[in-house]
Structure formats: C-alpha cells, structure tokens
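Below is one structure, written out as structure tokens; the observations come after it.
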Amino acid sequence: MPLQTAPLSRRFSVAPMMDWTDAHCRFFLRILSKHALLYTEMVTTGALLNGDHERFLRHHESEHPLALQLGGSVPADLAACARMAQEHGYDEVNLNVGCPSDRVQNNMIGACLMGHPVLVADCVKAMRDAVSIPVTVKHRIGINGRDSYEQLCEFVGTVRDAGCTSFTVHARIAILEGLSPKENRDIPPLRYDVAARLKADFPELEIVLNGGIKTLEACHEHLQTFDGVMLGREAYHNPYLLAEVDQQLFGSTAPIISRAEALAQLRPYIANHLAAGGAMHHITRHVLGLGTGFPGARRFRQLLSVDIHKTKDPLALLDQAGQLLEGR
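In the UniProt record's numbering, the protein residues as written are 1 to 328.
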C-alpha cells in the first residue's frame, strides 16, 4: 500500500487515455511531477474479472498518487473491481462516463451512461460500499438527445445522492452516433461556461475541469473557478509541461528537472525492461514529446521512433538521444 497520508489532491491530474497512459508512461510522467494525480487507461470490469487482472493492475510504487479508471455498468462487477483496486494499492477508483466509442456503448460503458443516471448512482453506491478509497466519476456535459443543462444537473445530483463528491467534467457533449472517438474530442464545442455553472450550482462538490487545456497559465485561470484541472493530450504530446506543475500549482520549492535529467532518471527503468525481455520502444514512445521546441528535437524524435527499430544496442541509442537534451 502507498504511504499516502495527505488527502488526495486533484488540483492537477493527467487524464486516462487509452493506449497512452500505461504503466511505462506513468512512470515517466512521475519523474517530471511528484504531485500530479495520474490515471490508468480505462480498464473494463470484464478484463479484470475474466482476464489476467494482475497484468492490468500492476504498477510501480513510484506512480502514486494513482487512480484506476474502470469501465462498466454492473454494480456488483464494479464493486468487485473496486476491491481489487484497493487491494492493489490504488489511491482512487474512477468510473468512466465519458468514452464515446461504439465498442463501449454496446457494452453499456462510457458516455452512454449519462442517459442512465440512476444506474450510475447504483454503480457508485456499490463501489463506495465495497472500498474505503475515494470513488469518483468522469463524465461529459451531456450526450446528443440529453444535452440540456437541466439533464446534466439531474445526472450530477443523482450521482451525488449516492455519495460521490468528486466529478471530473469533460466540458463537451458526446455525439454517440456518427462521430469517432477522435472527432468527439474535437468537434463538439468546449463549454467551460456550462462546467462553471455546474460548480456554482453544486458548490459543495469537487469539480475538476477537463477538455482543451494546453498551458499552465490556463490551469491557473481555471483554478479560479474549479477545484482542479485535468490535462489529456497536451500532457502526453508536451510532457515537459509537467516539470513546472509542482512549483507552479503545488508550491514545491524543489528545482525544476531538466529534460536531460528526466531521461537519465528513466534509463535504469528502461534497462530493467530490456533485461526482462521487453522492447525499448514500449517505453520511449511515451517520451517523444520531450523533443519539442529546440534545435535537435526532430533528431531526438527520429532516434527514438525510427532508428530504435534498427539498432542492436538500444541503450547506446538512448544515450545518443540523451546527448541531444544536454542543457535543456
């Protein structure tokens, strides 16, 4: 179990992102920020109950504070998976009510659950009854056909009455027919005003804003209104942004880590992965974003995305890439 004594802070978090926020990615992000709350990729209840749950739940102790995001809609199954999360030391369990993909809709997972607030409330209650760690919900501001502010309030109020006190709001609706998941992250307009109204009408709840946030300046601005901010794609594509999070948002006085030092701290982890039979690109695909905005950045990315598949000495290649980060 993590040695977490302070209450969990959701002031700044990195969103759960399928195929991106795996354990390797989270280990790397934790090098950059000690205080950001990290989320797993969404894991379905079926994967945990019927598959190799150890593989899905495995994580490095350094990843804390760490939340497991679950996809599911059967209260008993979610309760069982929440217990697994607690037993494996996770600091929070989060229910996905925002993913718009067809595959999850067919299994009653994700954004389609916004149309079933009572079911979501039943799921939250079952999980809260099963564990002592926090149970939170990540959702949209609506779905097509159920996108009025009144329906959003009905959803949040119903789930609140089941005991949920922390909601992460992706400030877009989800279009459940005709748009891909990628299009659903861009095409429906961002409505920060709707999320702000929600915070004003539910002042007792913790409301974390998600969607389209790209800079720490924007984080500061949104934190005037919201209890926390969650960054997704920007945190992945420009991970060095996290290097200043602890100082700017958590009042840390520790020095800001350099890009070169971040890669150097990752090197032993990569060496262990290679020794265990893994491939270096499993990890380095997540660090390509360190190579932005300086001379040599393109070469850095090329080494770790193209040349990596041709080399017989991956650690020597890593060191070559690291030299391009010296002084940065």
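Cβ coordinates follow ideal geometry from the N, Cα and C atoms, glycine included. These figures come from a predicted structure and were not determined experimentally.
Item                                                                                                        : Value
Helix, strand or coil at leucine 37 according to DSSP, with G and I counted as helix                        : strand
Alpha helix (DSSP H) runs contained entirely in the stretch 118-187, provided each spans 4 or more residues : 149-161, 181-184
Inter-residue Cα distance where the pair is leucine 325 and arginine 259                                    : 6 Å
Buried versus exposed, by CB contacts within 10 Å (16 or more), leucine 3                                   : Bear in mind that a pLDDT of 43 at leucine 3, under 50, signals an unreliable position, so the number given afterwards is only what the model happens to contain. Exposed, since its Cβ has fewer than 16 Cβ neighbours within 10 Å.
Distance between beta carbons of methionine 230 and valine 245, contact taken as under 8 Å                  : Between methionine 230 and valine 245 the Cβ distance is about 12 Å, and since that is not below 8 Å, they are no contact.
Continuous beta strand (DSSP E) stretch holding valine 208: start and end                                   : 206-210
Distance between arginine 83 and alanine 23 (C-alpha atoms, nearest Å)                                      : 20 Å
Between the CA atoms of threonine 168 and arginine 30 - distance to the nearest angstrom                    : 21 Å
Exposure of alanine 235, with buried meaning 16 or more beta-carbon neighbours within 10 Å                  : buried
Helix, strand or coil at aspartate 313 [DSSP, three-state]                                                  : coil
Coarse secondary structure for valine 306, derived from DSSP in three states                                : coil
Three-state secondary structure (DSSP) of glycine 322                                                       : helix
Span separating the alpha-carbon of proline 188 from that of isoleucine 173                                 : 6 Å
Separation of serine 9 from arginine 185, as counted between CA atoms                                       : 25 Å
Pair within 8 Å by beta-carbon distance, leucine 78 and alanine 126                                         : yes
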